[in-house]
Structures are given as C-alpha cells and as structure tokens.
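Chains as they are written, first to last, in this note's numbering: chain A, 1 to 200; chain B, 1 to 200; chain C, 1 to 200; chain D, 1 to 200. Shown next, in structure tokens, is the structure this report addresses.
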DNA sequence: TATGAATGAGTCTTCATTCAT
DNA sequence: TATGAATGAAGACTCATTCAT
C-alpha cells in the first residue's frame, strides 16, 4: 500500500470514531482496529493521538474556507442572494460528505485539552469576522440596516450552526439542504415578524 | 462545617474546573485539591465523578427553566417585547453568575460518554420547542410571518447561544447584557436587511 | 445499654457476617449497620477489624476445648465408645448453635494475613495432638492397632471436619447429629472393609 | 521471550503468592514485582486478578482429575489396593510439584467472593461423589461393609485432605508419599481398632 | 459513651506511547 | 515499513481508622 493511501485510511477510521464517540472515548486501539493496522504503524504516520485529531480538524476547516466565495456585487454577477445561497450550500454539502467530522465541529466533541478549544474558537471567530465584513459592506451599500454588525454576525453564524446541528441529529430525516438554506437566508434577511408588526 | 456547606464547596470547585478544563481533563485529584479536602471526603458527598458533573448540569438547566416565563399577551401585561427581553435577561444574568457552568453548556465541555451528550441535546430540544410554541402562537395572532417555525426556532436559539458564548469568551469586555438582549431581539424580529431591500 | 451487652451485640453481628461473606468481604460498615451502631462506637469496643475476628476465633476454639473430656477407662466409667460419642456430640452441638463461626473454622473463611492461618493451624494441631494421645493410650491397652498414631490422628480429625463441613453446607437437611456421630465412630473403628476381605 | 513463556512466568509468580499470602493479601503489585514485569504487562495476559486466580484453580483441579483412574477389578488388572494407591500417589505427586497451589485448595486460601468458594465446594463434591461410587460398587461385591456410603466417602476425602495438608505444612520433613499412602489406605480399610476389640 | 465526618494509604485498571525485532 | 509486546504514569475508587464534638 502506498504511504499516502495508508495515511488516508487511518484518518478515515479516526474521523468516524471521533465523530461517533468523541475524542476521549476513542482509543488508539479503536483506531488501529478499525484501520486494520498494528499499533506501531499508527505512530509511523502520526506523532500522537492529538496530532491526528488536529489534522482532521484542520482538514475540515480548510475545506470549509476553500468552499466559500466572497459575495461580489455587479451586473455580471449572480444576485447576492444566489451567491450567499451557493456558499451555504457548498458548506452543507461538504459537511454532509464528512458527517463524522461535522460532529466534532458542532458538538465540540471535545472537552479536551485547552488547546483544541482555542483552535475551534479561532475558527468560528474567522467565520464570524467574514460574515461581519460582508454585513459592513452591505451597510455601506444601504442593503443592510443600521445595526451592530458584530452581534448580527454572531447571530447569523449561531443560527446556521444550530440548523446544521439539527440536520446532523436528524440524519436522513433532515429537510432538503437547499430548502433549508433558502429558509434560513429569508429569516435572516427579513426577520421573524410580519412587516410593520409592533411587539413593543 | 455544616454538611450542606461542604457539598456546596465541592460543587463550586468542580464547576470551575469542569468549566475551565473540561470534564475529562478534570481529575478527582484536581477537585479535592481545589476544594481543600481529602480524597475520601469527595466520595462521602458524591458517588463518582460522573455524578457531580451530572448534578452541576441539572442544577444549571433547572435554573434556566425556572427563570423563563411564558410570554402572555393582554392589556394588563407588559408588552411582548418587554417579556421576551426579561426572559433573555434573566438567563443571561444567571449565566453570568455561574460563568463556569455556562462553558459546560455551550462548549459541551464534554466529549464525554454518550449519556451526557444526550442530556444536553434534550435540554436544547426543550428550549427550541418552547420557542417554537411561541412562534406558532405569534403566527395565529398575525405577529409572526408565515415561516417554518421549526427552522426559525432553531435559528433563534442558535443565535442566542452564540451571543452568550461570545460574551463568555470576552469576559469583562462583553457588552452590557441588556443592550445585547435588545439588539438580538431587534435583529430576530426585523431581520438584517433594510426594509424593502432586494437582494435577489 | 450495658457495656457487656453492647459488646456481645457487635460480636454477634460480626460473627454472622464473617461466617457468611468471609473476613475480607465483610467491612466495618457492614458490621456497624447490622449492629445498629455508629462507626466510632465500634472502635470503642474493639481495637480494629482484626481484633474482633480474633476474639471470635478464640471464643470458638475455647468453647470446643471446654466441651471435650478426656476418655477415661474404668469400671465406674461409661464405655469408651460412649465417652467418645459424647465428645463428638458436644462439639457438634456447639457448632450447630454457632453456625456462622463454624464456617470460619472449616472454610478458613480466611486467606487473610498470615497470622490468622497460623492460629487456625495451631488449633487443629492441638486437636490432632489430643486425638493422638488417646490413640497411643489405646495402643498400650491393646485396643488400638499397631499403626502410625500421627497419621491416624490426622485422618480422624480430617474425617470429622469433612462431616461437619458437609452438615454445615446441607443446613436443615443434614442427618441427625447423634446418628452421624455413631456412624463416624463405627467407620473409624472398624474401617471400610468387610472383615477379612482382601483387596490386595 | 515467547508469549506462552511469559504467561507461565506470571502464573508461576501468582501461584506462589496466592499460596503463601492468600488471595486478598496478594496484590497485583506483588505479582508483577515477583514476575519482574510492568503493571500493564499483567493485563496483557490476564483480564484481572480474579481471572488469574481462577485459571490457577482450574489448572489444578483439572490436573487432579486427569491423574485419577477409576478402579477396575479383573484378573488382568493390578489389585484394587494397587490401583487405589496409584491414584493417591499420583495426586500427592502432582501436589508436591505445585505446592503453592495446594495451599489454595486446602486452606481455601480464599475467603473470597462467594463464587470461588462455590467452585471449590463443587470440586470437593465431585471428589466425594467419585469415592462414593467406588464404595457402592465395593458393597455390591461384598468388599465394603454395609455402611452409609455418603458418610464414608466424606470421611475418606476428609482424611486424605488432612494428611496432605499436614504434609504441606511440614514441607521437607513430611514422610515419604508412598508410605503415607499405604498407611492411609490401611487405616481406611481396616479401621483403627484391633480386630475384635470391643470399645462399647 | 456515642457519634459520624474526615482522612489518605492503598488497590485495581486503563491506555498513550516506545522500541526491539 | 510494519509489528505488537512491553511499559508506567495516571486515574477512579475503597475502606479501615481517627478525632473533634
């Protein structure tokens, strides 16, 4: 077996186990059993348990980042809505292929050593910052209301995480990804209330 | 020392440690060192490590549930907005007092045995269901738009979680709780976009 | 409660537990729960766990020794057989009253620290020595055959222990004590074989 | 070191310790120290302390059973006495090689969890049953007297146990195995008394 | 005398990691 | 590269014993 292939095989096994049982409950024994390799072989490809988890996390985060395109407005571009939908959809699709890793990301299948939590936090911080930049841009273009963009970005990311999490929990029963994305975008855009309704 | 007091002292130490280091990285040795008691004493008050964590989790969940009042509409009532703000504020306040427990709830300072994750999940499910009921009610009253209440509830809870999480991470630098609550409610109500704006 | 009475109450509880569950599986907690006293109270009456077990063992051994009468031959005496039967019977009776202690003696409900085994061993050694003396006497009187009295004594004691052990295991279903004693004595006296039979 | 060899080495160490100090007083630390291995290595070969003890017990019991041949009468056979002697001798020899295990068997170096005592009891029950069958056969052949075979079997086994136990205690000073076996068989056969002697 | 909260040494067991083959 | 036996630090939990009240 080619070395790259073997590495992938181990990563694959680990991803599934970490996603299912969490980091701590997954032992090296579990991983090597699932990968069908010997104990020592594992350490030929990864420095330690922490390293393989970290690599998986990185892989996922990079995958997400790579799939997101900045929204660009212009006559020759798809509409902003289309672009945003495309972004959401791309992420959802990636995660649906790597279901086990999603759990790590969302449930923080962690509780691990401080370092990991920081890494996760910084990833979300990036996502939030990206959304916030878009909102600020929207504001200058008078598309986005005059609101606290930081808070708004947090809420947007949080809302999407929760939807993804729910879809993960539901598995096959989850609603169609595209429809979900459209609904979410609509609610984020226009809010929950009937236009002109007064709740104050 | 009074027995109830000793229990509280141990719970206190454990909460802080679990919140900071997570469940797995917190050992009984850590807890008793922080609480300043002997090893055996711990087991006088708690059956095992799992039990004290569970008690902490329950305590927090019950605290939150106890602080939330159902929104009631009527001439003699505060406005719906006031009531919702009061709810959000009450929860935020509780959590700011029990900062360490908040981490458990939000970061799922967990990755623990399956049981705990289920417990957490069921708690959130309750919260989501509660919000969804409110949204459905609002719909019949023509306050809430015609939208998928499940998705909307998920988003509302997710958005609030993320705001809380951010406030936790920021510590003292976090914005004022009341102001946050108002902004969040406004964004949820009216959405991100300028009224009448077209992004499609 | 009178101090002697309280002591007896604790001994009683301990005897039953040691006999049933063995020395190691019986905890101080078990004993005080059964005796209905507080933890500290136990140590008011006994120095430690070892001490109460030792006392129980001593009590039993002394009881047995006290009940055995040396066989004396003479015109004005009951027959030797009667005297031996009386001895066996006395022991059986004592043990049937203190069933739980019997288990300690026979099963060596022990496996404990070396000291106890030595104590048990020395008790049996005494019993064997006593029997051996009787056999030697019998030999000089031409009642007992010309055999190795040490081996014979060992066998007699071993045979009786096994019968008692069996009676203990059987509980209520065990045969009548007197009948058992008679049969045992008969077999010891005349052996298993038909007189004159040749197995060689 | 070959895997089987390592296992044997651990069993060896454990047997000696269990035999000397008893089950409870023997810790895993004792065993690994004596075997000269690391803590984890022990658990590579045995599931837990109980498992290694059980294996030792089984090994011994099976060894004994395997060495015993049913007594068969017939012209072409060695005499019954020879066969019985051979049985006794075979057992004694096995036990003299595995001195430490003998202690477990005889002193019930136990006092352990109920399960073990039951195992021991059932082993002895088998032995007794085997002897009883032989006695019944002897009765039909008019070799054995008209006596309660159950009681007689108990006595025979008890007598032999005690002799073995004594030999164990004495160590090197114990009489020669063959001579012991002959004496025991003689006493069992013909009893203690001079033929025709009246003790009644 | 009586109590029972507190103690801490000691036990079993797990598991990430190493290293000789 | 691949193996898997060996390692030992670290963890959870027990329980006989003490001592202030």
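Just so you know, even glycine gets a beta-carbon here, dropped at the ideal spot from N, CA and C.
Proximal chain D residues relative to residue 121 (chain C), where beta-carbon distance stays under 7 Å: At a C-beta separation below 7 Å, residue 121 (chain C) has these neighbours in chain D: 169.
Contact set for residue 3 (chain A): own chain, Cβ-Cβ below 6 Å, skip 5 residues either direction: Here the set comprises nothing.
Under 7 Å by beta carbon: chain C residues contacting residue 155 (chain D): What residue 155 (chain D) touches in chain C: 159, 162, 163, 184, 187.
Where residue 8 (chain C) falls, given that 16 or more other Cβ within 10 Å makes a residue buried: A residue is called buried once 16 or more other Cβ atoms fall within 10 Å of its Cβ, and residue 8 (chain C), having fewer, is exposed.
Chain-order list of residues whose beta-carbon lies under 7 Å from that of residue 153 (chain A) (same chain, five-residue window excluded): Hits under 7 Å: 128, 131, 132, 135.
Residue 98 (chain C) beta carbon less than 8 Å from that of residue 137 (chain C): In this structure, residue 137 (chain C) sits away from residue 98 (chain C), with a CB-CB distance that is not shorter than 8 Å.
Cβ of residue 89 (chain C) within 8 Å of any chain D Cβ: Taking Cβ atoms only, chain D never reaches closer than 8 Å to residue 89 (chain C), which makes this a no.
Members of the stretch 13-27 of chain C near chain D, C-beta cut-off 7 Å: Residues passing the 7 Å Cβ filter: 22, 23, 24, 25.
Between the CA atoms of residue 91 (chain A) and residue 126 (chain A) - distance to the nearest angstrom: For the pair residue 126 (chain A) and residue 91 (chain A), the Cα-to-Cα distance works out to about 15 Å.
Own chain residues within Cβ distance below 8 Å of residue 88 (chain D), not counting five before or after: Hits under 8 Å: 160, 181, 184, 185.
Residue 92 (chain B) - DSSP class collapsed to helix/strand/coil: Looking at residue 92 (chain B) - three-state DSSP - the assignment turns out to be helix.
Sub-8 Å separation of residue 52 (chain C) and residue 39 (chain C) beta-carbons: No, the Cβ-Cβ distance between residue 52 (chain C) and residue 39 (chain C) is not below 8 Å.
Proximity test, Cβ basis, 8 Å: residue 51 (chain C) and chain D: For residue 51 (chain C), the answer is no, since every Cβ of chain D falls outside 8 Å of its Cβ.
Close-in-space but distant-in-sequence residues of the same chain around residue 12 (chain D) (CB under 6 Å, 5 per side omitted): Setting aside the 5 residues that flank it on each side, residue 12 (chain D) has no residue in the same chain whose C-beta is closer than 6 Å to its C-beta.
Residue-chain proximity (residue 74 (chain A), chain B), Cβ-Cβ < 8 Å: Judged by the 8 Å Cβ criterion, residue 74 (chain A) is not in contact with chain B.
Endpoints, alpha helix (DSSP H) assigned at residue 77 (chain D): Run containing residue 77 (chain D): none; DSSP gives neither H nor E here.
Three-state secondary structure (DSSP) of residue 151 (chain A): It is helical.
Of the listed residues D:19, D:44, D:169, nearest to residue 56 (chain D) (C-alpha basis): Selected option, being the one with the closest Cα: D:19.
Nearest neighbour of residue 145 (chain D), chosen from C:192, C:75, C:16 [CA to CA]: Cα-wise, what sits closest to residue 145 (chain D) is C:192.
Residue nearest to residue 104 (chain B) in terms of C-alpha spacing, selected from B:150, B:54, B:73: Per the C-alpha coordinates, the member of B:150, B:54, B:73 positioned closest to residue 104 (chain B) is B:54.
DSSP-derived helix/strand/coil call for residue 287 (chain A): Because chain A here runs from 1 to 200, residue 287 (chain A) falls outside it and cannot be looked at.
Top-ranked residue by Cα proximity to residue 106 (chain C), from D:45, D:121, D:187, D:72: When each option's Cα is compared against that of residue 106 (chain C), the closest is D:121.
Beta-carbon proximity list for residue 123 (chain B), same chain, < 7 Å, skipping 5 on both sides: Within the same chain, Cβ atoms closer than 7 Å to the Cβ of residue 123 (chain B) are found at 61, the five residues on either side in sequence being excluded.
Of the residues A:34, A:46, A:80, the one placed nearest residue 189 (chain A), counting alpha carbons only: Nearest of A:34, A:46, A:80 to residue 189 (chain A), Cα basis: A:80.
Cα-Cα separation between residue 35 (chain A) and residue 100 (chain A), rounded to whole angstroms: Roughly 16 Å between the two C-alpha positions.
One or two residues paired with residue 144 (chain D) in a DSSP bridge: C:193.
Straight-line gap, residue 164 (chain B) to residue 119 (chain B) (C-alpha atoms, nearest Å): Roughly 20 Å between the two C-alpha positions.
Chain-ordered neighbours of residue 148 (chain D) on chain C, where CB pairs are closer than 7 Å: Here the neighbours are 183.
Proximal residues of chain D, C-beta to C-beta of residue 194 (chain C) below 8 Å: Within chain D, the residues near residue 194 (chain C) are 142, 143, 144, 145.
Proximal residues, the stretch 94-105 of chain C versus chain D, C-beta separation under 7 Å: The stretch 94-105 of chain C vs chain D, Cβ under 7 Å: nothing.
Any C-beta of chain B under 8 Å from that of residue 36 (chain A): Not closer than 8 Å to any Cβ of chain B, the Cβ of residue 36 (chain A) fails to qualify, so no.
Cβ pair residue 187 (chain B), residue 71 (chain A) closer than 8 Å: For residue 187 (chain B) and residue 71 (chain A), no; Cβs fall outside 8 Å.
Rounded straight-line distance, which links the Cα of residue 24 (chain B) to that of residue 142 (chain B): Answer to the nearest angstrom: the Cα atoms are 48 Å apart.
Contact check, residue 76 (chain A) vs residue 177 (chain A), beta carbons under 8 Å: Cβ atoms of residue 76 (chain A) and residue 177 (chain A): not closer than 8 Å.
Contacts that residue 66 (chain A) makes with chain B (C-beta to C-beta distance below 7 Å): The contact set of residue 66 (chain A) on chain B, defined by CB atoms closer than 7 Å, is empty, because the minimum CB distance reaches about 23 Å.
Test: residue 151 (chain D) CB closer than 8 Å to a CB of chain C: By this cut-off, residue 151 (chain D) is an interface position.
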